[in-house]
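Below: the structure, in C-alpha cells.
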Amino acid sequence: MHIHIPDGVLPIWLWVLGYALAALFLLFAVIKVGKDTRKAVWTAAVAAMMLVAMSIPLGVPYHINLTALAGIILGPWWSLIACFVVNGILASFGHGGVTIVGLNTLVTWFEALAGFYLYRVFKKVVIKDKEKTPVAAGVSTWIALTLSAFLVIGLVAASGIESIPFHGGKNINLNTFTILTLTFALPGAVVEAVITAFILAYIRKVRPELFG
Amino acid sequence: MHNASVITKFLVTAALILLVITTNSVLALLAYFALILLYVTFSKLPLVRILRWALYPAFFATFFALSQIQYSLILPVITVLKAVDAALIMLLFINTTPYPQVFSILSRVSKTLGNIAFLTYRFFFIFIEQADKRFTTLKVRGGLAGGLKRTIRNISHFIGSLFITFIDISQDTYYAMRVRGYNGIISCRPGGWMRVNIHDFTPVSMFLCFLIIAIFYWLHGGSGVFP
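First to last, the sequence lines map onto chains U and G.
Numbers given in this note's numbering equal positions in the first sequence, counted from 1, plus 191.
Numbers given in this note's numbering equal positions in the second sequence, counted from 1, plus 1.
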C-alpha cells in the first residue's frame, strides 16, 4: 500500500526527508542501471501496469498495487525507478499528495524489495518445486504488503502527528488510523497475494519462458 | 493558461500547493477551491470531468479524515479540502501542459527517469484501452459470475492475459523505437513553451489571488474572521 494522506497533514521535516532519501536512492539506482534501453522500456511497461492496477476503484479505500510483482519482475533498482514514476504520475492526477511522493516512493519500493528478496528465498530455500513458484510469489506478496502496512502506520506514528494541537484538540487519533489501515490493508494483502499467485501461474502456463 | 510557459506554470503550481498545505481555514480553502474552478473554466477545461477526477483523492482523504473526527468536526473537512484543492491545482497544470513538456523537466534531472516517465505515460493510455476492451469481454462472457473463487480466478487470468499483452506491446514498441534510432534518449527540444511570455500573466494572476487570500487568512486567522 502507499500513503493516502493528503498534502499538509504530515510535518514538513518528514516529507522533506522522504524526498531527500528517495532522491539519494534514485541517484544510486540511475547510476546502477546504466543505459539498458530494453530494460528501460520494460520498466515503463511494468510501471504502466502498476498505474492501471492502482487506478481501478474497488469501492473501498484500497486498491491493488502490483508492487511486489514489479519487484519480482524488475529487481531492486529498476523497481525503485518504477515506484517513483508511478507515484509521481499518480500525484499529478491527485491520487496521493504531491508532497509525499518521496515517502510513497520509499514505501512502495519497500514492498517491491521485500517481494523480490522473499520470493528468491522462498523459491530457493522453502519451495524448491518449480511448479509451486506462484505460491512463493503469493506468500512473498502477502508478507511484503503486510509489512508495508505496518511501515505506513510506523511513519505516521514517528511523525509525532498525534500530539500536534489543533483547534484545542489533537490532529489525529493514531489508534483509529491504525485500525482503519489494518481493516483495509490486511484483507487487501490477502486478495493481492492470491491475484499475484494466479497471475504468475497463468504466465507460467501460457508463456513459461518469461520466468523460467 | 495553455499558452503560458511551462516553467512559470510549474513554479506557480508548486507555490499554490505550498499555500494550500499551509492553510488551516475552511473558508480560505473554499475560496481557493472557487478560484481554481474559475481558472479551470477560464482555461476551457471540462469542469465536470476535472471535478470527477478530484473526487478520487477526496475519497482517499476521507479514510484519513475519519481518524480525525473524534477531535474536531472542522479538521476532517480541512483535510478533505486540502486534498481536493491540491489535486485540482495539479490537474489544472497537467491538463494545460502537453506531457512531453512536463517530462522534459524531469529529463533535465535524469534522462533515464524522464524517458521511463514519458514511456509509462504513453503505455498507460494504451493499456487502459486494452484493459477496458478485455474487461467488457470478460463481463459479457459471464466471467464475474459463479462465486467468489471463480471470480478471483477469472480476474487473475484477465490480469495475466493483460500482462502478456502488455509485454508484447512494450516489446513491439521497443523494436519500433530501435528501428527509428532510439538509443536511450527521447529528446524534447526546448521551444517557445519554455520562454516566459505574455500568457504567463494568467498563472501569475492566479498566484496573486491565492496570495491575497492567504495574507488575509494570516492576518485575520486568529481573530475569527477566517475560522
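Just so you know, even glycine gets a beta-carbon here, dropped at the ideal spot from N, CA and C.
P77/G is classed as buried because its beta carbon has at least 16 other beta carbons within 10 Å across all chains shown. In the three-state reduction of the DSSP assignment, D173/G falls in the helix class, which pools H, G and I.
Around I160/G, the beta-carbon contacts reaching into chain U at under 7 Å are I386 and I390. Its Cα nearest to that of I75/G, the residue V27/G stands out among T121/G, L52/G, Y40/G and V27/G. DSSP, read as helix, strand or coil, puts Y310/U in helix. Assignment of G161/G by DSSP, reduced to helix, strand and coil, places it in the helix class. Scanning chain U for C-beta atoms nearer than 9 Å to the C-beta of I216/G yields nothing, as the closest lies near 18 Å away. Taking F375/U as reference, the option from A340/U, V347/U, L391/U and V385/U with the minimal CA-CA separation is A340/U.
For F368/U, the chain G residues whose C-beta falls within less than 8 Å of its own C-beta are F65 and S68, listed in chain order. The C-beta distance from Y175/G to R229/U rounds to 6 Å, short enough to meet the 8 Å contact threshold. Following the DSSP letters along the chain, one finds Y57/G inside the alpha helix (DSSP H) bounded by residues L48 to A66. Of the residues L377/U, A239/U, F284/U and Y253/U, the one whose Cα lies closest to the Cα of S270/U is A239/U.
Per DSSP, M207/G is one residue of the alpha helix (DSSP H) stretching across F202 to H221. Rounded to whole angstroms, the separation of the alpha carbons of T296/U and V103/G is 19 Å.
N256/U has its alpha-carbon roughly 13 Å from the corresponding atom of V385/U.
S339/U: member of the alpha helix (DSSP H) spanning T324 to A349, first to last residue.
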